[in-house]
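As given, the protein sequences belong to chains A and B, one line each in that order. Numbered per my numbering, the first sequence spans residues 13 to 265. Numbered per my numbering, the second sequence spans residues 851 to 964. Glycine residues also receive a C-beta, built at the ideal position from the N, C-alpha and C atoms. On a predicted model such as this, the values are computed, not experimentally measured, just so you know.
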Amino acid sequence: MWQALRTELHPHGLEIVTVALDVDPESAYRFIDQAAPDHPSLIDSAHIVDELLGIVNVPNGVWIDEQGVLARPAEPASPGRNPTLDSLMSIDTSTLPPHLADTLIEARKIKLDHESYVVALRDWVTNGAASPYALPPDEVVRRSQPRPLEVATAAAAFELGQELHRRGHPSDAVAWFREAHRLQPDNWTYKRQAWSLVDPLQGPTDEYEGYWAKDIKAIGAENYYPPLDLSPAPRDRPTASDVPGSPPSAAAD
Amino acid sequence: MILTSLDIDTAELERRTGWSIQPQGACKGDVCVPLSDGVVPSGRVSVPELAERLRMPLLRDETHGLWALGPESGGRALTTAAAPDLVLPDRQGRAFALSSLRGRKVLLVAWASW
């Protein structure tokens, strides 16, 4: 999906790097092989990237400038309409089993602002730090996901679940995945990864109370992705260390 | 990060969490948190003390003898805007360092098959 945008913007100084968050790398390989991208396509089978950057859903994008400094934190990112999802739009849901019909009906309601994201990206590639979409470091930190203790604990629980699954103890992994879901219910990455290990279609299972169609109905499909916040950084914004609940050094010392 | 013992190598800590052990304490980006003398005996980090200092959760799976050290808490997901020093395998299994792209703008896209 990203190849066309990469072809357009690579000559102007942008590289795209895709990272598949998949406990089972084989699941990602077929998509990469089909896309045959020119850009680096990496595999993160331990979900390190989502923990480090605060990613709670996919697709998400992060901008990194020439000096290795983030210019935007993780946020919903799409290069345009997804042909695979578009192809689902014409399916007659009355021909499907109930939970698949539910899934498709909800998926059709999801909103993702492709156009604005690509406009912003092009502007940044052209104008760099002068782009209104490039954020200063303090603002990047401020706009990243909050990480209270429950969320950090969810990350640890999710990692134990992954580890046990990889070691061949999938039933033991479920308890830790459920704990991660309980602690951070709005983390779709934790939910969908765990659900998919039991049922690739993420329908109802004995292992989990939630499943994709049920949980998305609970929040409203239009809220599946938060709206893009492309507003510029306020000029008088306090620094990250002034914000209550800021990183440990400010609070502890 | 997954642990089988409660003292870990400083290099491994930095690779996995971004926190490096410096003379002034545990550091990530511009943030440094002072540590007491007992936290880094003999070049290895005592995990329970570090976890308490950085407000990192430490979970135990008794059945399998594992611990999981979660990320620091109490602030935002990002402690710093410096990009993490990621090294991940590509489709062919070759290690790719994000830092190899310094000098270019990068759009890092997280996706999944599920």
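For a contact defined as C-beta to C-beta under 8 angstroms, what are the partners of residue i on chain A?
| i | result |
| --- | --- |
| Ile852 (chain B) | Glu171, Leu172, Glu175 |
| Ser949 (chain B) | Gly80 |
| Gly953 (chain B) | Glu78 |
| Val889 (chain B) | Within chain A, no residue comes near Val889 (chain B); the closest Cβ sits about 14 angstroms away, beyond 8 angstroms. |
Taking all protein chains shown into account, decide if residue i is buried (16 or more other Cβ within 10 angstroms of its Cβ) or exposed.
| i | result |
| --- | --- |
| Asp227 (chain A) | buried |
| Ser183 (chain A) | exposed |
| Asn69 (chain A) | buried |
| Asn72 (chain A) | buried |
| Ser261 (chain A) | Reliability fails at Ser261 (chain A), whose pLDDT of 41 lies under 50, so the model's placement of it is uncertain and the value that follows must be treated cautiously. Answer is buried; the Cβ neighbour count reaches 16. |
| Gly257 (chain A) | With a pLDDT of only 43 at Gly257 (chain A), under the threshold of 50, the placement of this residue in the model should not be trusted, and no figure is reported. |
| Val131 (chain A) | exposed |
| Asp62 (chain A) | buried |
| Ala861 (chain B) | exposed |
| Asp56 (chain A) | buried |
| Lys878 (chain B) | buried |
| His24 (chain A) | exposed |
| Asp45 (chain A) | exposed |
| Met269 (chain A) | A question about residue 269 (chain A) goes unanswered here, because the residues of chain A that appear run from 13 up to 265. |
| Leu97 (chain A) | exposed |
| Pro934 (chain B) | buried |
| Thr107 (chain A) | exposed |
| Asn139 (chain A) | exposed |
| Thr854 (chain B) | exposed |
Could you check how far apart the C-beta atoms of residue i and residue j are, in whole angstroms? I think they sit under 8 angstroms.
| i | j | result |
| --- | --- | --- |
| Ser886 (chain B) | Met906 (chain B) | That pair is no contact at about 16 angstroms. |
| Gln196 (chain A) | Ala166 (chain A) | 4 angstroms |
| Asp34 (chain A) | Ala962 (chain B) | 6 angstroms |
| Ala245 (chain A) | Leu147 (chain A) | 5 angstroms |
| Arg903 (chain B) | Val881 (chain B) | With a Cβ gap of about 12 angstroms, Arg903 (chain B) and Val881 (chain B) do not count as contacting. |
| Leu948 (chain B) | Leu936 (chain B) | 4 angstroms |
| Gly180 (chain A) | His126 (chain A) | Their Cβ separation, rounded to whole angstroms, is 40 angstroms, which puts Gly180 (chain A) and His126 (chain A) out of contact at 8 angstroms. |
| Leu54 (chain A) | Val31 (chain A) | 5 angstroms |
For residue i, return the contacting residues in chain B, with the cut-off set at a CB-CB distance below 7 angstroms.
| i | result |
| --- | --- |
| Asp233 (chain A) | In the sequence as displayed, the identity of residue 233 (chain A) is Ala instead of Asp. Those within 7 angstroms of Ala233 (chain A) in chain B number zero; the least Cβ separation is about 17 angstroms. |
| Ser156 (chain A) | Arg926, Ala927, Leu928 |
| Pro149 (chain A) | Ala931 |
Determine the chain A residues that contact residue i at a beta-carbon separation under 7 angstroms, and present them in chain order.
| i | result |
| --- | --- |
| Leu963 (chain B) | The sequence given here has Ser at residue 963 (chain B), not Leu. Simply Ala32, Asp34, Ser39, Ala40, Phe43. |
Give me the chain A residues within the contact set of residue i, using Cβ-Cβ distance strictly less than 9 angstroms, ordered along the chain.
| i | result |
| --- | --- |
| Ser886 (chain B) | Those do not exist, as Ser886 (chain B) stays about 12 angstroms from chain A at its closest Cβ, beyond 9 angstroms. |
Given that residue i touches chain B, what residues does it touch there, using C-beta distances under 8 angstroms?
| i | result |
| --- | --- |
| Arg159 (chain A) | Pro921, Glu922, Ser923, Gly924, Gly925, Arg926, Ala927 |
What does residue i touch in chain B if you count any residue whose Cβ is under 9 angstroms from its own?
| i | result |
| --- | --- |
| Thr165 (chain A) | Pro907, Leu909, Gly920, Ser923 |
Exercise. Listed from N- to C-terminal order along the chain, which residues in the region 854–872 of chain B have their beta-carbon within a distance smaller than 7 angstroms of any beta-carbon of chain A?
Worked result: Gly868
For this session: Give the residues from the region 893–918 of chain B that approach chain A closer than 8 angstroms (Cβ to any Cβ), ordered along the chain.
Result: Arg903, Leu904, Arg905, Met906, Pro907, Leu908, Leu909, Asp911, Thr913, His914, Leu916, Ala918
Exercise. Closer than 7 angstroms, Cβ to any Cβ of chain B: which residues of the region 26–55 of chain A, in chain order?
Worked result: Leu26, Glu27, Ile28, Val29, Thr30, Val31, Ala32, Leu33, Asp34, Ser39, Ala40, Tyr41, Phe43, Ile44, Pro52, Ser53, Leu54, Ile55
For this session: Give a yes or no on contact between the region 85–102 of chain A and the region 56–70 of chain A, applying the rule of three or more CB pairs nearer than 8 angstroms.
Result: yes
Exercise. When you check each C-beta in the region 59–78 of chain A against every C-beta of chain B, which residues fall closer than 8 angstroms?
Worked result: Ile60, Val61, Asp62, Glu63, Leu64, Leu65, Gly66, Ile67, Val70, Pro71, Asn72, Gly73, Val74, Trp75, Ile76, Asp77, Glu78
Exercise. Can you list, in chain order, the residues of the region 190–210 of chain A whose Cβ is nearer than 9 angstroms to any Cβ on chain B?
Worked result: Glu191, Thr201, Arg204, Gln205, Trp207, Ser208, Leu209
Problem set entry | Proximal residues, the region 88–108 of chain A versus chain B, C-beta separation under 7 angstroms | Ala89
Exercise. Can we say the region 169–176 of chain A touches the region 911–920 of chain B, given the rule of at least three CB pairs closer than 8 angstroms?
Worked result: yes
Exercise. Just checking, does the region 123–142 of chain A make contact with the region 893–901 of chain B on the three C-beta pairs under 8 angstroms criterion?
Worked result: no
Exercise. If you measure beta-carbon to beta-carbon, which residues of the region 108–141 of chain A are closer than 8 angstroms to chain B?
Worked result: Leu133, Trp136, Val137, Gly140
For this session: Determine, using beta-carbon pairs with one atom in the region 73–81 of chain A and one in the region 234–243 of chain A, whether at least three such pairs fall under 8 angstroms.
Result: no
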